[in-house]
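Going by the numbering used here, the first residue of the sequence shown is number 23, and it counts up by one from there.
These notes are about the structure you will find just below.
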Amino acid sequence: MTVKSFFKKIFLTKLVSNRKRSFEFLIPIVLIILGVTTYLILSQKKVDRVSYEADFRDKTLINALYHYRLENLDRAELLFDRALQESKFKKKKSLAELFLGGIYFKRELYEEAIEHYERAVTYNKKNIHALNNIALSYTKMDDINHALSYAQKVYSMKKDLDENLLLLGNIYFTLGRFEEALSMYRLGNAPADIFAYNRARVHAQLGDIETALNIFQSIVDDQQSSSVIRGLSLIWIGLLQEKEDVVKIALNFERALEVFPLSDLLRYNLAVTLLKGEQYEMAVASLKAMGEATKRKAELLGFALYRSSHYREALDHYSNMRSVEVQAEHYYISGDLHVKLGQLSQAKPFYEKTLEDSWYEGAFINLFRIYFKEGLYENAKRLCYEFIKNDDSNPLPHVLLADVFFQEGLESEARSYLDIAVALSREGIVSLTRIAEVYYKYGYFNNALYLYHMIRDLKPDHYQAAIRIAEIYLLTGHEQKAKATLERTREMISEIDEYYRVSILLAGCEEIESASALYRRMIDDFPYRYEAYYNLSILYIETGGYEEAIQIIEQCFQTVPGLDTRTLSELYSILGFAQLHLGRVVDAARQFQEARKLDKNNEIPVINLRRMGYLSQ
Numbered sequence: 023m024t025v026k027s028f029f030k031k032i033f034l035t036k037l038v039s040n041r042k043r044s045f046e047f048l049i050p051i052v053l054i055i056l057g058v059t060t061y062l063i064l065s066q067k068k069v070d071r072v073s074y075e076a077d078f079r080d081k082t083l084i085n086a087l088y089h090y091r092l093e094n095l096d097r098a099e100l101l102f103d104r105a106l107q108e109s110k111f112k113k114k115k116s117l118a119e120l121f122l123g124g125i126y127f128k129r130e131l132y133e134e135a136i137e138h139y140e141r142a143v144t145y146n147k148k149n150i151h152a153l154n155n156i157a158l159s160y161t162k163m164d165d166i167n168h169a170l171s172y173a174q175k176v177y178s179m180k181k182d183l184d185e186n187l188l189l190l191g192n193i194y195f196t197l198g199r200f201e202e203a204l205s206m207y208r209l210g211n212a213p214a215d216i217f218a219y220n221r222a223r224v225h226a227q228l229g230d231i232e233t234a235l236n237i238f239q240s241i242v243d244d245q246q247s248s249s250v251i252r253g254l255s256l257i258w259i260g261l262l263q264e265k266e267d268v269v270k271i272a273l274n275f276e277r278a279l280e281v282f283p284l285s286d287l288l289r290y291n292l293a294v295t296l297l298k299g300e301q302y303e304m305a306v307a308s309l310k311a312m313g314e315a316t317k318r319k320a321e322l323l324g325f326a327l328y329r330s331s332h333y334r335e336a337l338d339h340y341s342n343m344r345s346v347e348v349q350a351e352h353y354y355i356s357g358d359l360h361v362k363l364g365q366l367s368q369a370k371p372f373y374e375k376t377l378e379d380s381w382y383e384g385a386f387i388n389l390f391r392i393y394f395k396e397g398l399y400e401n402a403k404r405l406c407y408e409f410i411k412n413d414d415s416n417p418l419p420h421v422l423l424a425d426v427f428f429q430e431g432l433e434s435e436a437r438s439y440l441d442i443a444v445a446l447s448r449e450g451i452v453s454l455t456r457i458a459e460v461y462y463k464y465g466y467f468n469n470a471l472y473l474y475h476m477i478r479d480l481k482p483d484h485y486q487a488a489i490r491i492a493e494i495y496l497l498t499g500h501e502q503k504a505k506a507t508l509e510r511t512r513e514m515i516s517e518i519d520e521y522y523r524v525s526i527l528l529a530g531c532e533e534i535e536s537a538s539a540l541y542r543r544m545i546d547d548f549p550y551r552y553e554a555y556y557n558l559s560i561l562y563i564e565t566g567g568y569e570e571a572i573q574i575i576e577q578c579f580q581t582v583p584g585l586d587t588r589t590l591s592e593l594y595s596i597l598g599f600a601q602l603h604l605g606r607v608v609d610a611a612r613q614f615q616e617a618r619k620l621d622k623n624n625e626i627p628v629i630n631l632r633r634m635g636y637l638s639q
């Protein structure tokens, strides 16, 4: 497993790409906000209106309703009990029991609430609000079957009661009976935005994404829609939009945050969207704004810090995570962070600890590379032997062992391991490419060429193999074969970097005039890349165009940003060489000295300065 695949496991596979999971995650929000709060508002308004019209002369009942609406529940309960005792009329008793049930419902004492609602029905069998509230109470108790039974009874008595249509639709939705839920939501009228919202939810669940998006968007565009429903619609639009449209998704989440500013769920989803859009700094800010410290937030924040190049902060973050929960993944990532910071020695113990606890191929490869780079060949070989002991069918450790033995000058041992790797690779393109690269690295061009052709046979559009084939042809003096291969390859390439690389190689196959024109064209098309400048300056040096070489190098300095010191050293060496051949010895010496200062391993300035008698200076 690589770091990239690990992070993909953390948040792409589990949390983003699975739309169904996203829907399921939002269902509790929908049921709580719409199935309870909105329902109570609707039902209570209708109950209050009916009670006021029927009982305007009952002072005790009116006083009880007044305190109920002010949320003075203890006082309201006392007065409703008194009204219950004082009244001789069943409808008044039914009304009092209805509101007593409402008081216990608000206190989340649902069983007691149901007892009052049932007594309300005893006094008045047509009290559909009490029946409906029984169904609602059962939903709060997760007794969906009883809830459905009572909601259906209300529907049979009155088919246009909006609060019951909403509740019955939500119950059907929870049971996965989406078509029946949709039929209820279609019958509802007020509030229109709530029923439209729920219809869109069902369409989304049924896979009719286009219809769902259209309805959600109409809610957002309607200024009469409530802010809560508009905010929820924006969330759904963000979840349903095409994955590549990350800008729109992020915008919708941000607009939804205006409605739900304290929603960690929204901020988390916004961060995921921003990461998909490679807006790493903004993702870090979104995650840091989350209030709750959760494991998934911690994992995603670590990734966001990593991708935004805050390597030191990411290291501290994973160190804190390990203090809470030790995981091999955290050691692995910490190793990679040290590599990013150029701290190879510090990375080693983290990779070693990773491989002690769990197997990560990426950690194995990176630890091998560190051993190899530091010349710790015995450590590198021991690592490979341990790999083979656990899995002798994987060609990777055999390829890496061959690399070590070639480095030590043990050709026979190296080639024997590559033979084993080829046999184990069968038709695995990745493994065959690794083997071919080792042969290429150590100059075994015929072996490499054979493997690259094998790769092309397995995958004809594998242009990286075709480029290597062309490079081998160039190195072995077969320029026409190289040219033909490169011309065919350039036709199949869509990546700009690879197109540039092939064009540079192709120029090396041309005659001087054609090569010069091609380099000029590459400079015009890719002014920020240095290779064409470099190759054209070499071409001018070879043909005696020293002034032209100087001009093209100076143009490169002015145009190409961020050149590394090794490249700069080579360019200054070319300048020095051109100045020397023009008889400008002092200028040449200055250029060679700059080249030497930039890269101590560059031998060209040293040789020329010694020849010129300037080495001591």
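For each residue, glycine too, the CB sits at the ideal point set by N, CA and C.
With 16 other Cβ atoms within 10 Å as the buried cut-off, status of residue i
i	result
Ala-118	buried
Lys-36	Caution applies to Lys-36, whose pLDDT of 29 falls short of 50 and renders its modelled position unreliable; the value that the coordinates give is listed next. It is exposed - the Cβ of Lys-36 has fewer than 16 other Cβ atoms within 10 Å.
Gly-397	exposed
Ser-308	buried
His-225	buried
Arg-221	buried
Val-452	exposed
Gly-253	buried
Pro-419	buried
Tyr-351	The amino acid occupying residue 351 in the given sequence is Glu; Tyr does not appear at that position. The residue in question, Glu-351, is buried, as its Cβ has 16 or more Cβ neighbours within 10 Å.
Phe-78	Caution applies to Phe-78, whose pLDDT of 44 falls short of 50 and renders its modelled position unreliable; the model cannot decide the point.
Ile-518	exposed
Ala-539	exposed
Met-514	exposed
Asp-621	buried
Sub-9 Å separation of residue i and residue j beta-carbons
i	j	result
Gln-429	Tyr-399	yes
Ala-142	Lys-115	yes
Ser-248	Ile-216	yes
Thr-565	Ile-534	yes
Ile-596	Ile-629	no
Asn-146	Lys-113	yes
Arg-633	Ser-591	no
Tyr-333	Arg-344	no
Ile-526	Ala-554	yes
Val-421	Ala-443	yes
Glu-569	Leu-593	no
Gly-123	Glu-137	yes
Asp-358	Tyr-328	yes
Leu-284	Val-306	no
Lys-319	Tyr-290	yes
Val-460	Ala-424	yes
Backbone secondary structure at residue i - three-state DSSP
i	result
Cys-578	helix
Asp-547	helix
His-484	coil
Asp-479	helix
Asp-621	coil
Gln-368	helix
Trp-381	coil
His-360	helix
Asp-215	helix
His-332	coil
Ala-320	helix
Arg-588	helix
Phe-45	Low confidence applies to Phe-45: its pLDDT is 37, below 50, so where it sits in the model is not reliable, and the reading given next is rough at best. DSSP places Phe-45 in helix when its eight states are reduced to three.
Asp-230	coil
Tyr-472	helix
Ser-248	coil
Pro-627	helix
Ser-285	coil
Glu-300	coil
Rounded Cβ spacing between residue i and residue j (contact assumed at less than 8 Å)
i	j	result
Leu-279	Leu-288	5 Å
Arg-551	Val-582	7 Å
Asn-154	Leu-131	So it is not a contact: roughly 18 Å between Cβ atoms.
Val-176	Ile-150	5 Å
CB contact below 9 Å: residue i versus chain D
i	result
Asp-182	Judged by its chain identifiers, the structure shown contains no chain D, having just a single protein chain.
Which parts of the segment 501 to 541 are runs of the beta strand (DSSP E), unbroken and 3 residues or longer, counting only runs that do not cross its ends? Runs found: none.
Completely contained beta strand (DSSP E) runs for the segment 69 to 123, where each covers 3 or more residues: none
Within the segment 124 to 168, ranges of the alpha helix (DSSP H) (whole runs, at least 4 residues): 132 to 145, 150 to 162
Which ranges would you report for the alpha helix (DSSP H) in the segment 435 to 466 if only whole runs of at least 4 residues count? Qualifying alpha helix (DSSP H) stretches, in chain order: 451 to 463.
Let me know the beta strand (DSSP E) ranges lying completely inside the segment 170 to 223, each 3 residues or longer, listed in chain order. none
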